[in-house]
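**Student:**
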Amino acid sequence: GAQRRQTRAPSPSVAHAATAFSDLPEYKQIMAQETAGELLGIGNPFFRSHEGAASATTVVDGRSLINFASYDYLGFNRHPEVLRASKDAIERYGISASASRVVAGERPAHHELEEKLASFYEAEAAVVFVSGYLTNVTTIGTLLGPEDLILHDEFIHNSALVGAKLSGAHRRWFRHNDVAELEKILQSTEGRYRRVLVVVEGVYSMDGDIADLPKLIELKSRFGFWLMVDEAHALGVIGKTGRGTSEHTGCNPRDVDIWMGTLSKTTASCGGYIAGSKALVTLLKGAAGGFVYSVGLAPALAASARTALELIDREPERVARMQSNGKLFFELARARGLDTGVSVGCSVIPLIVGDSMRAAQLSNDLLAAGINVMPIIHPAVPEGLARLRFFITSEHTPQQIEFTVATTAEKLQALVSRNFGVGSVDI
Ligand code: PMP
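Read left to right, the sequence shown gives residues 28 to 454 (UniProt numbering).
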């Protein structure tokens, strides 16, 4: 029979015990929020277990819900061709790339995806990494150093921020989408740094508005910096043929030095990419720690991402549906007086409701009504600007969208009239 495993107790009475993790202020903050949620009977809205694929609908505890909490923007997570491509790649290459591509070598699936990505951006080359987060961290961390300057939008994704910190470069942020402020900073810092990088997002992940690419490119031609655009929420989503921010704004994609994106959203896979010049890609493949010292992308994930990219062109009606759904949700929400912040009504539509507890309660009320949408609460956003964040996909039906906006408006009105969430819990 199997032997019982003994769990070992920590060694007794050491002279210098390290701080217990449970004493860390970061830990206490998380627990305080959980306790507040429990006191209000909301529970924890995060880490729910879902049965089945993440898409425009999802199943939780056996209940089918309309889902606004997955980034499956074009419905590729259940597309038969995408699934087939991954299964075929598993049959041919196994599950894992087994080691860094520098060590274990490449698989054709890597090149095929990178070539497709490069052509998508009309770029010379592209390289893929095992995560979108890692892509930002290692790319920015590799290209910049302590003699350099990074200028970024205040709402840039955490991964770009962490990359900037890792690089040791000087760092300054400008107000959200405020190109005039960026220009002033560029004027006052001109000539003082070895290299300058400006980082923006194509579509902003928390707010759903779009970078002013024409003005950024104009500034670039005057000040000579590298322009990096994170297309996580723009790929396949904006632009008539889903090419993203350059197509949406009518710019030449070659005027952006570093196109960055993730494979985890529209392409229903996992990983991240950089597209740009051959020299940039060669440099990253040789010097970026997150490429050289990390495993290659699983071939099956590369194959599904490439197939999804091909499908953006072969099934353009998905892009059109995604865009009309975003517009419909946005217009209905505005007509009901809901606060969608600065969103322009594309892939990400926030609904700003006020305090964190109100956002959590509203999310819970909507769950009871059959709608899954996550609250974004302090400290991810400032207190008072807590929100629900809706991810719109091509697969939502107009009826689902109409029902969701109407139900959200009703449930929010009920909370507002009770003054719920304002000073109701002291945490
Ligand atoms: N950039 C942006 C703007 C994002 O929103 C995200 C993830 N939500 C990432 C990068 C990281 O990508 P991934 O989740 O694929 O690691």
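Note that the Cβ used here is the ideal one computed from N, Cα and C, for glycine as well. Bear in mind that the values here come from a model prediction, so they are computed numbers and not experimental data.
May I have a chain-ordered list of the alpha helix (DSSP H) segments no shorter than 4 residues that lie completely inside the region 68-140?
**Tutor:** As far as the region 68-140 is concerned, its whole alpha helix (DSSP H) runs of at least 4 residues are 107-120 and 128-131.
**Student:** Go ahead and pull the three-state DSSP assignment for Leu193.
**Tutor:** Helix at Leu193.
**Student:** List the endpoints of the continuous beta strand (DSSP E) containing Pro406.
**Tutor:** Element bounds for Pro406: n/a, residue is neither H nor E.
**Student:** How about the region 147-164 and the region 296-315: do they share at least three Cβ pairs that are nearer than 8 Å?
**Tutor:** Because the criterion of three Cβ pairs below 8 Å is met, the region 147-164 and the region 296-315 touch.
**Student:** Is any non-hydrogen atom of ligand 1 found closer than 7 Å to the C-beta of Ser127, if you look at the structure I gave you?
**Tutor:** Because no heavy atom of ligand 1 lies under 7 Å away, the Cβ of Ser127 does not count as near it: no.
**Student:** Quick one: measure Cβ to Cβ for Asp175 and Ser370, integer angstroms, because I've assumed they're closer than 8 Å.
**Tutor:** Wrong, their Cβ atoms sit about 33 Å apart, outside the cutoff.
**Student:** Three or more beta-carbon pairs under 8 Å between the region 358-368 and the region 394-406, yes or no?
**Tutor:** In short, these stretches do not touch, since the Cβ pair count stays below three.
**Student:** Have a look at the DSSP bridge pairing and note the partners of Phe417.
**Tutor:** Answer is Ile376.
**Student:** Quick check: the Cα distance between Ser194 and Gly172, rounded to an integer number of angstroms?
**Tutor:** Approximately 5 Å between the Cα atoms of the pair.
**Student:** Taking the C-alpha atoms as reference points, what is the distance between Ala124 and Pro326?
**Tutor:** If I take the Cα positions, the gap works out to 6 Å.
**Student:** To the nearest angstrom, how far is it from the Cα of Pro135 to the Cα of Phe430?
**Tutor:** Their backbone Cα atoms lie some 45 Å apart in a straight line.
**Student:** For Tyr98, which residues from the same chain have a beta carbon less than 6 Å from its beta carbon, with the 5 sequence-adjacent residues on both sides left out?
**Tutor:** Closer than 6 Å at Cβ, skipping near neighbours: Lys292 and Phe418.
**Student:** Is there contact here, the region 248-261 with the region 194-206, by at least three beta-carbon pairs under 8 Å?
**Tutor:** As far as the Cβ criterion goes, the region 248-261 does not touch the region 194-206, which means the pair count is below three.
**Student:** Ligand 1 and Glu181: does the residue's C-beta get closer than 7 Å to at least one heavy atom of that ligand?
**Tutor:** No, the beta carbon of Glu181 sits no closer than 7 Å to any heavy atom of ligand 1.
**Student:** Compute the Euclidean distance between the alpha carbons of Leu101 and Val322, then round it to the nearest angstrom.
**Tutor:** About 28 Å.
**Student:** When the Cα atoms are used, what is the spatial distance from Asp180 to Gly64?
**Tutor:** Looking at the two C-alpha atoms, the distance is approximately 32 Å.
**Student:** What are the start and end residues of each continuous alpha helix (DSSP H) run of 4 or more residues lying completely inside the region 263-340, in chain order?
**Tutor:** Counting only runs of 4 or more, we get 272-276, 305-314 and 316-319.
**Student:** Pick from Arg90, Ile167 and Ser113: whose alpha carbon is nearest that of Leu307?
**Tutor:** Comparing Cα positions, the closest option is Ile167.
**Student:** Please look up how many angstroms separate the CB atoms of Glu149 and Arg35, rounded, as I've assumed it's under 8 Å.
**Tutor:** Going by Cβ atoms, the distance from Glu149 to Arg35 rounds to 59 Å, so no, they are not a contact pair.
**Student:** Three-state secondary structure (DSSP) at Glu181?
**Tutor:** Coil at Glu181, not helix or strand.
**Student:** Can you tell me whether Ala259 sits near ligand 1, meaning its C-beta is under 7 Å from at least one heavy atom of the ligand?
**Tutor:** Checking the Cβ of Ala259 against ligand 1 gives yes.
**Student:** Using the beta-carbon count (16 or more within 10 Å), is Gly316 buried or exposed?
**Tutor:** Answer is exposed; the Cβ neighbour count stays below 16.
**Student:** Ser451 by DSSP, collapsed to three states: which one?
**Tutor:** Bear in mind that the predicted position of Ser451 carries a pLDDT of just 45, short of 50, making it unreliable; the figure below should be weighed with that in mind. Three-state DSSP puts Ser451 in coil, outside helix and strand.
**Student:** Take Ser383 and list the residues in its own chain whose beta-carbon comes closer than 8 Å to its own, dropping the five residues that flank it on each side.
**Tutor:** Here the set comprises Gln60, Pro402, Ile404, His405, Glu410, Ala413 and Gly448.
**Student:** Can you tell which of Arg361, Ile177 and Gly288 has its C-alpha closest to the C-alpha of Ala332?
**Tutor:** Ala332 has its Cα closest to that of Gly288, out of Arg361, Ile177 and Gly288.
**Student:** Say the cut is 7 Å; is the CB of Asn163 nearer than that to a heavy atom of ligand 1?
**Tutor:** Checking the Cβ of Asn163 against ligand 1 gives yes.
**Student:** Rounded to whole angstroms, what is the Cα-Cα separation between Thr434 and Thr165?
**Tutor:** The alpha-carbon atoms of Thr434 and Thr165 are separated by roughly 43 Å.
**Student:** Got a sec: does ligand 1 put a non-hydrogen atom nearer than 7 Å to the Cβ of Tyr160?
**Tutor:** The answer is yes for Tyr160.
**Student:** Quick one: does the C-beta of His184 sit closer than 7 Å to a heavy atom of ligand 1?
**Tutor:** Under cutoff, so the answer is yes.
**Student:** Using 8 Å for Cβ pairs, my map puts Ala387 next to Pro72. What's the rounded Cβ distance?
**Tutor:** Indeed they touch by this definition, with Cβ atoms about 6 Å apart.
**Student:** Might you give, ordered along the chain, the residues of its own chain that have their beta carbon closer than 7 Å to the beta carbon of Leu442, omitting 5 neighbours on each side?
**Tutor:** So the qualifying residues of the chain are Arg385, Gln388, Leu389 and Gly448.
**Student:** Three-state secondary structure (DSSP) at Val41?
**Tutor:** Residue state, collapsed to three classes: coil.
**Student:** By DSSP, does Phe156 sit in helix, in strand, or in coil?
**Tutor:** Of the three classes helix, strand and coil, the one that applies to Phe156 here is strand, per DSSP.
**Student:** Could you tell me the alpha carbon to alpha carbon distance between Leu170 and Ile244, rounded to whole angstroms?
**Tutor:** The straight-line gap from Cα to Cα measures roughly 20 Å.
**Student:** Whether or not the region 265-285 and the region 110-128 are in contact is what I'm after, with contact meaning three or more pairs of Cβ atoms, one per stretch, closer than 8 Å; do they touch?
**Tutor:** Too few Cβ pairs lie closer than 8 Å, so no.
**Student:** According to DSSP, is Glu210 helix, strand or coil?
**Tutor:** Helix.
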